[in-house]
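In our numbering, the protein residues as written are 20 to 221.
We put the CB at the ideal spot given by N, CA and C, even for glycine.
No experiment lies behind these values; they were computed from the predicted model shown.
Data block below; observations after.
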Amino acid sequence: MTKIQNSKLYDLILKSLTRYRFVFFLLLLFLIPISLNCSKNELTEKKSSEETKGVNGKEEMAVKIFFLNGSQLAYEERTISFDRWKPSKKISSALEELIKGPKKEPLKPTLPKKTKLINVFIDEEGVTYINFSKDIIINHPGGTFGELITIYSIIRTLTENFEEVQAVQILIGGKEINTLIGHIDTSMPFKLKSFSETSLNQ
20 MTKIQNSKLY DLILKSLTRY RFVFFLLLLF LIPISLNCSK NELTEKKSSE ETKGVNGKEE
80 MAVKIFFLNG SQLAYEERTI SFDRWKPSKK ISSALEELIK GPKKEPLKPT LPKKTKLINV
140 FIDEEGVTYI NFSKDIIINH PGGTFGELIT IYSIIRTLTE NFEEVQAVQI LIGGKEINTL
200 IGHIDTSMPF KLKSFSETSL NQ
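So this is what it looks like as structure tokens:
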């Protein structure tokens, strides 16, 4: 092969390489934005997933549920699940556990089994309104001690577990009542200091 032929062959190879480099460069320009966009989409989806988990996520909490033990109150530990963005839901969950009654002896229930909790809400001063249906009155066993222990178990369960609960107001069907079954004044919010273990023995 002559020098001229070699020179032409070299020029041809060089042109081919230059053309391929140009094509490769164009491919890079096309692929890089796609790659960046995919990464951005993955990050967006991940962030969106985390936010959804935060909005709809459930939290668990160990609580003390107070039941009757002789003439005093004693607690069972339970785990409740609630929506982190709805603080009143954890209070509702604790009260539902109280309504279910104790799992072990010698503890006894303090609320009638047919008690129905309608809703719970808290005002800015920490007064927690517990709204029951009339079933708590209709199915209550009665007696001064029985009424006292019902109210006290509600207050202990809430104030022992939730710092935001400063006082408890019992409602029936969304309305304030003077008394549950005729012995204890329930027209005003209760605070824990309103009761004592001594008062349960009287």
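- If you ignore the 5 residues before and after D142, its C-beta comes within less than 8 Å of the C-beta of Y148, all in its own chain and listed in chain order.
- Between P160 and Q188 a beta carbon distance of about 23 Å is seen, past the 8 Å cut, so the two are scored as non-contacting.
- Distance from I84 to Y94 at the Cβ level is roughly 6 Å; contact confirmed, criterion being Cβ atoms closer than 8 Å.
- By the C-beta criterion, the stretch 164-184 is judged to be in contact with the stretch 194-202, since at least 3 inter-stretch pairs fall below 8 Å.
- If you ignore the 5 residues before and after F140, its C-beta comes within less than 7 Å of the C-beta of S107, Y148, all in its own chain and listed in chain order.
- When C-alpha distances from S100 are compared across M80, I155, R175, the shortest belongs to M80.
- Between L92 and T129, the CB-CB gap stays under 9 Å.
- Residue pairing of I170 in beta bridges, as defined by DSSP: absent, with no partner found.
- Counted as a single uninterrupted DSSP element, the stretch harbouring E116 is not any beta strand (DSSP E) but the alpha helix (DSSP H) occupying residues 106-119.
- In terms of Cα proximity to I156, the closest of L117, N88, P125, K132 is K132.
- Beta-bridge analysis with DSSP links D204 to T198.
- Sorting E179, I137, Y171 by C-alpha distance to the C-alpha of D204 places Y171 at the top.
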